[in-house]
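So the structure is just underneath, and the comments pick up after that.
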Amino acid sequence: MAMTLRLDASDEALLREVAERTNHTMTDVVALSVRFYRDALVAQDEQADLAQRAERRAAHRKAIDESMTRNAELLERLAK
Numbered sequence: 002m003a004m005t006l007r008l009d010a011s012d013e014a015l016l017r018e019v020a021e022r023t024n025h026t027m028t029d030v031v032a033l034s035v036r037f038y039r040d041a042l043v044a045q046d047e048q049a050d051l052a053q054r055a056e057r058r059a060a061h062r063k064a065i066d067e068s069m070t071r072n073a074e075l076l077e078r079l080a081k
């Protein structure tokens, strides 16, 4: 897909510098940048998912601990 990219002078200079330093075309640098940014977003989403799972595990553990404390006598009788 062809598209026009409008950059201000300073961003264009940065793009040109990166292209020259990496021996890529400016188009390649833009495409790579989009991929890197997408990968960073995916990694961020994965970290958020891990944090949510950890929170759920902690909530489940707390509920189990509270239930065991609340029902300690009954659990003791059942264990006999």
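Counting from 1 along the sequence shown, just add 1 to a position and that's the residue number in the working numbering.
Cβ atoms here follow ideal geometry from the backbone N, Cα and C, with glycine treated the same way.
Fair warning: this is a prediction, and the values are worked out from it, not measured in the lab.
- At the C-beta level, residue 30 and residue 20 come within 8 angstroms of one another.
- The alpha-carbon of residue 78 is positioned some 18 angstroms away from that of residue 65.
- Per the coordinates, the alpha-carbon of residue 50 lies some 35 angstroms from the alpha-carbon of residue 7.
- Shown here, residue 63 sits in a helix according to DSSP, grouped into three states.
- Pairing residue 4 with residue 17 gives a Cβ-Cβ distance that is not under 8 angstroms.
- Our two residues, residue 15 and residue 40, have alpha carbons roughly 21 angstroms apart in a direct line.
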